[in-house]
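All remarks here apply to the structure that follows.
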Amino acid sequence: VFVFCVLFFSFYVLFLSLCVLFLLFCVLFLSFCVLFLPFYVLFLSFTSSVFLKNPSVLVCSAYDFYSKQIRVSWLWNGQEVTSGVSFTEAMPSGDWFYQVHSFLEFTPTRGERIACRVEHLSLSEAMLVVWDTSHPVSERAKMVIGTFLLIFGFVLMSTRFIYYKKKLRENFTLCQGRVAVPVEDATEAT
């Protein structure tokens, strides 16, 4: 039984090590993908939780573009918005690239469509990013990873439970055939 426990523990440690290596590989792969995104990256995010009928601020950011001339504007249901809009000047972000941020202060209502439009020489046509009221990409990624790990843990726990139940049954069938036989002490026999 002791040998079985040691053997099982060593396999368990090996399995956990492989899981950690797999997760490390996933993190490195995602980091590699992020590093080699196109030079022109556009993000649309909000600074605080956006609730209906509460004032909020949307942020539209353009990163890693060259030349410095860029136009960022906001569209509300297809019409350009001029009030409640503020922005930063194009700021250097290193390696001859620039970044710019635009802010839209608004009070969200149901059914409206808000978008950030970016116009730049490097783009063949204006880039339009629509504000999605669902969860941001980072939150969705966390939910997907959490769900995967939950399912993986459940499968691992179920497998271990079935394995132990099987082993328990085997041990009971082996033990049922044993009969206690009295043995004489060697010192008493002489």
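In this text, residue positions in the sequence shown follow the numbering used here: the first is 14, and each later residue adds one.
Idealized CB from N, CA, C, for every residue including glycine.
Asked: Does the beta-carbon of W87 have 16 or more other beta-carbons within 10 angstroms, so that it is buried, or is it exposed?; Found: buried
Asked: Check L27 in the structure and name its three-state DSSP category.; Found: helix
Asked: Would you identify the three-state DSSP class for R123, choosing helix, strand or coil?; Found: coil
Asked: According to DSSP, what are the bridge partners of W109?; Found: According to DSSP, which records beta bridges pairwise, W109 is partnered with nothing at all.
Asked: Would you decide whether F119 is buried or exposed? Buried here means 16 or more other CB atoms lie within 10 Å of its CB.; Found: buried
Asked: Is it right to say A103 is buried, meaning 16 or more other beta carbons lie within 10 angstroms of its own, or is it exposed?; Found: buried
Asked: Can you tell which of T122, I164 and F110 has its C-alpha closest to the C-alpha of K81?; Found: F110
Asked: Enumerate in chain order the residues of its own chain whose CB-to-CB distance from S115 is below 6 Å, with the five nearest sequence positions on each side excluded.; Found: C73, V85 and F100
Asked: Would you call the region 126–139 in contact with the region 87–96, where contact means no fewer than 3 C-beta pairs closer than 8 Å?; Found: yes
Asked: Let me know the secondary structure DSSP gives S61 once reduced to three states.; Found: Its pLDDT being 46, under 50, S61 is placed unreliably in this model, and the value from its coordinates should be taken loosely. Note: S61 maps to coil in three-state DSSP.
Asked: If you run the structure through DSSP and keep just helix, strand and coil, what is Y177?; Found: helix
Asked: Is DSSP giving A75 helix, strand or coil here?; Found: strand
Asked: Alpha carbon to alpha carbon, how far is V168 from L71?; Found: 41 Å
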